[in-house]
Structure formats: structure tokens, C-alpha cells
């Protein structure tokens, strides 16, 4: 009796899982781990590429010019979006 009651307690804490479900979850986990490793590799390659770019002559000037263009674009977008929303409201009246 004692042995059977302890087995019942263990069964409460160990839910029965479908072997196919476990296999599917294992496959999902393996795919996610592979993707994580792939992303880590891409991050490292990108870091190396950026370091190489920094060493090239004129890279700093190009980055500054790019940043200036991004700032100008963002300012124009901030001005354009409210204007477009106002125009849209006016045309719906």
C-alpha cells in the first residue's frame, strides 16, 4: 500500500506528455538554439566589419554625413506627418 501511494504522489507531479509533443518541442528548441548561434555569429561579423570600416580613411566623415542626412530626414518627417494628418482630416469633412 505504501508503495502504491507514493507512486500516486509522483504521478501528480509528473504530467503525462505525448511523445510526439515532446519530440516537437525538442525540435523547436534545437531550431531556436541554432538561430541564436547564427545571430551571435552575425553580430560578431558585423562588429568586425564596423571595426574595419572605422580604420578606413574617410570613414568618420562618411558616418558624420550619414548621421546628418538621417537627422534632416527625421526633421522633415516630423514636419510632414502632422501636415499630412491635418490634410487628411480636412479632406474627410
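Numbering (this note's numbering), first residue to last: 1 to 93.
Using N, Cα and C, we set each Cβ at its ideal position, and we do this for glycine too.
Span separating the alpha-carbon of residue i from that of residue j
| i | j | result |
| --- | --- | --- |
| residue 80 | residue 89 | 14 Å |
| residue 91 | residue 75 | 25 Å |
| residue 86 | residue 77 | 14 Å |
| residue 73 | residue 66 | 11 Å |
| residue 40 | residue 52 | 19 Å |
| residue 70 | residue 60 | 15 Å |
| residue 44 | residue 20 | 36 Å |
| residue 34 | residue 50 | 24 Å |
| residue 29 | residue 47 | 27 Å |
DSSP-derived helix/strand/coil call for residue i
| i | result |
| --- | --- |
| residue 17 | coil |
| residue 41 | helix |
| residue 56 | coil |
| residue 74 | helix |
Same chain, Cβ closer than 7 Å to residue i, five either side skipped, listed in chain order
| i | result |
| --- | --- |
| residue 42 | none |
Other residues of its chain near residue i: CB distance less than 6 Å, five sequence neighbours each side excluded
| i | result |
| --- | --- |
| residue 37 | none |
| residue 25 | none |
| residue 84 | none |
| residue 63 | none |
Sequence-distant residues of its chain with Cβ nearer than 8 Å to residue i (five each side left out)
| i | result |
| --- | --- |
| residue 27 | none |
| residue 54 | 60 |
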